[in-house]
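To keep things clear, I will list the structure first and then write my remarks on it.
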Amino acid sequence: MVDMLLGLPAPLLALLKGAAVILVIFPVAAACSMAERKVCAWIQSRPGPNRAMPPVFAWIPGAVILQRLGVWQLMADGGKFLFKEEPLPDHVNRLYYTLAPVIAMVPALTTVTVVPFGAYVGAGGRIVPLALSSVDVGILAVFAVASLGIYSLILAGWASNSKYPFLGGVRASAQLISYELSMMLAVLPVFLWVNEPGAAGSLSLSRVVEFQSRPGFWGGAWFLFTMPVSAFVFAVALFAETNRQPFDMPESEADLVGGFHTEYGAFKWSLFFVAEYANMIVGSAVFSLLFLGGWNLLPWLPLASLLETLHHLTGSALWLHPLVAGLVSVVILLAKVLLIIFIFMWIRWTVPRFRYDQVMKIGWQKLLPLSIANLIAYALGIAFLQR
Amino acid sequence: MAVIQVQRTPLSLAERTYLPQVMGAMWTTLKHLLGPADTMEYHEQRPAIPPGYRGVPTLVRDPNGREKCVSCQLCEFVCPPKAIRITPGSVPEGAGVDHVEKAPQAFDIDMLRCIYCGLCEEVCPEEAIFLLQQYSMSGYSRAEMVNHKDRLYELGGTLPDRHFKWGVKKAAEERASGHH
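Here the protein sequences line up with chains A and B, keeping their order.
Every number in this note's numbering is 643 more than the matching position in the first sequence, counting from 1.
Every number in this note's numbering is 9 more than the matching position in the second sequence, counting from 1.
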């Protein structure tokens, strides 16, 4: 089976792999919207959506649990968004108005291609990352493509031809510019450290994870512990970039009705949201790869050692099989991503939205100097250590 | 002195980073997240209704199973939204209520008009109309939302009587003193 799959022509194989990843990302992003409603409800001491269920399924024992978790509600919502009428307002620019949600989806799903989501132990104990395309520019590609996502917001805001979406679009662009800089500068120390002098330089994300899986006290430490300020600035900028509360200025339903998506409805509207959650998933994946050791279960416990330990404990050689190793690594990374997404939601329902001037002030007057100081300090430190 | 001067202390460095506050808030929300829901899953779970609750107005019978309403129409007159409509009738023979002159032939309360003020209960000289504990009324048509006499008695049932006014009155008449 595996050999037959690998024997397929390369473009077809790439297409299949891409489809497989999209088939995972899309439902997970959709499920996140239900998770958001449930987390919101629990934080507000409510049970959340737990009523919808097709009566046909009532006799299946597990179906009631799905009902309590709102899974049927999610499906009902999805079905509704697919089939309800999509009014096209008269005053919009039809081409760009229709194009904006599509443009939102494209970068959101494109960034997935360069994010490694697992690894297996290949020949000679070498860790081989699992990624759709393991490009060497890694993090640069993520940043470059993820920033394009903001065009959909600007386009939606402009094409809607009404004032609230317009303000939302303007805010989105200003916010992206303000926080992109701090984000980049926060990540630089990580790559300064990873790319030791003498070795071949790389911006690849799997290289960062490899670096966090080295033996020894400093080698096994995650960058979260060695670079807490970088991690903090990156996390805050991530909130701002994905337009999550407390930074959801483009949407800001208190003052902008619905922000950039005020004029949208039905499936186009839900596309914006799936894109937002897909962005969150990719952002969380990048965060956990950079600062949380990627597919290593615990700090100082790299994937290879984990599998060795499991092999010794259970005496089963199954753990050393590349397929199992790959699966374990994907599950570990996915668990980290879901945990970070939960924290996203937790913060969303805890912290009130900043005012727009506060967002700008935090971005330019607090985070940017902090990340620059952090970069200088780490540059000096790394220069001293790796002399 | 109604004005209390409060000295505003400057924020500490930790407070200015905003992080301790966020952490504290997250701790609070975490407790709510893990705690039980404050809401009630209505219609499987019902709230406990305290005595004295002003629910749907009903007609009640006395402990002897007799109709208490004497069709005086005071409630109809006092009802602010004019929700009550009474058609007085004569007392049927042998109903055990020979001492009263009238009984309602029809007694309709339009629940689309009722404002649950309780004035009908307050004004009733016979303690025949009570706002009991039913709080939920629903129907598919306007006609369904009008409670007729039989429905009102069904909702009200029998309530314990503290005075036995009719018994006292009858005993006084039998003593033929003319006063009671």
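The beta-carbon is built from N, C-alpha and C at its ideal position, and this holds for glycine as well.
In the DSSP annotation of this structure, residue 700 (chain A) is not part of any beta strand (DSSP E), being labelled neither H nor E. Counting along the chain, residue 871 (chain A) sits inside the alpha helix (DSSP H) bounded by residues 871-884.
In this structure, residue 918 (chain A) lies near residue 792 (chain A), with their beta-carbon atoms less than 9 angstroms apart. Counting only runs that start and end inside the region 68-101 of chain B, the beta strand (DSSP E) elements of at least 3 residues fall at 93-99. Residue state for residue 924 (chain A) is assigned as helix, using DSSP reduced to three classes.
CA-CA distance, residue 834 (chain A) to residue 870 (chain A), rounds to 12 angstroms. Between the region 77-88 of chain B and the region 46-58 of chain B, the count of Cβ pairs shorter than 8 angstroms is below three; the stretches do not touch. If one requires a minimum length of 3 residues, the beta strand (DSSP E) runs lying completely within the region 104-144 of chain B are 111-119, 138-140, in chain order. Beta-bridge analysis with DSSP links residue 155 (chain B) to B:119. If you look at residue 772 (chain A), you'll find it isn't in any alpha helix (DSSP H); it sits in the beta strand (DSSP E) that goes 770-773. Contacts with chain A (Cβ-Cβ distance below 7 angstroms) from the region 33-46 of chain B involve 34, 35, 38, 41, 42, 44, 46, listed in chain order. Among the residues facing chain A, residue 177 (chain B) is not included, as its CB has no counterpart in that chain under 9 angstroms away.
Counting only Cβ-Cβ distances below 7 angstroms, residue 50 (chain B) has contacts in chain A at 690, in chain order. Rounded to whole angstroms, the gap between the alpha carbons of residue 980 (chain A) and residue 1029 (chain A) is 32 angstroms. Spatial neighbours of residue 889 (chain A) in its own chain (CB-CB distance under 6 angstroms, excluding positions within 5 residues in sequence) are listed in chain order as 994, 996, 997. Shown here, residue 832 (chain A) sits in a helix according to DSSP, grouped into three states. The shortest C-alpha to C-alpha distance from residue 710 (chain A) to any of A:693, A:778, A:811, A:896 is the one to A:693. At a Cβ-Cβ threshold of 9 angstroms, residue 745 (chain A) and residue 804 (chain A) do not count as neighbours.
Residue 856 (chain A) places its beta carbon less than 9 angstroms from that of residue 945 (chain A). Rounded to whole angstroms, the gap between the alpha carbons of residue 864 (chain A) and residue 939 (chain A) is 11 angstroms. Relative to the Cα of residue 141 (chain B), the nearest Cα in the group B:25, B:26, B:15, B:66 belongs to B:66.
Residue pairing by DSSP places residue 941 (chain A) opposite A:944 in a beta bridge. Interface residue (Cβ-Cβ distance to chain B less than 9 angstroms): residue 716 (chain A) is not classified as such.
Contact between residue 729 (chain A) and residue 916 (chain A) is ruled out by a C-beta separation of about 15 angstroms, above the 8 angstroms threshold.
The contact set of residue 994 (chain A) on chain B, defined by CB atoms closer than 7 angstroms, consists of 31, 34 in chain order. By the CB criterion at 9 angstroms, residue 773 (chain A) and residue 972 (chain A) fall inside the cutoff. Straight across, the Cα-Cα distance linking residue 677 (chain A) with residue 723 (chain A) is about 15 angstroms. Residue 818 (chain A) counts as buried, since at least 16 other C-beta atoms from the protein chains shown sit within 10 angstroms of its C-beta. Among the bridge pairs identified by DSSP, residue 167 (chain B) is matched with B:70. Across the set A:892, A:942, A:780, the C-alpha of A:780 shows the shortest separation from the C-alpha of residue 843 (chain A). Of all residues in the region 674-689 of chain A, those with a C-beta nearer than 9 angstroms to a C-beta of chain B are 682, 684, 685, 686, 687, 688, 689, reading in chain order. Residue 680 (chain A) and residue 713 (chain A) do touch by the CB rule: their CB atoms are close to 7 angstroms apart, below 8 angstroms. Of all residues in the region 978-1006 of chain A, the ones placed with a Cβ closer than 8 angstroms to any Cβ belonging to chain B are 989, 990, 992, 993, 994, in chain order. Take the alpha-carbon of residue 164 (chain B) and the one of residue 98 (chain B): they are about 22 angstroms apart.
Taking all protein chains shown into account, residue 821 (chain A) has 16 or more neighbouring C-beta atoms within 10 Å of its C-beta and is therefore buried. Contact between residue 929 (chain A) and residue 758 (chain A) holds: their C-beta atoms lie close to 6 angstroms from each other, under 8 angstroms.
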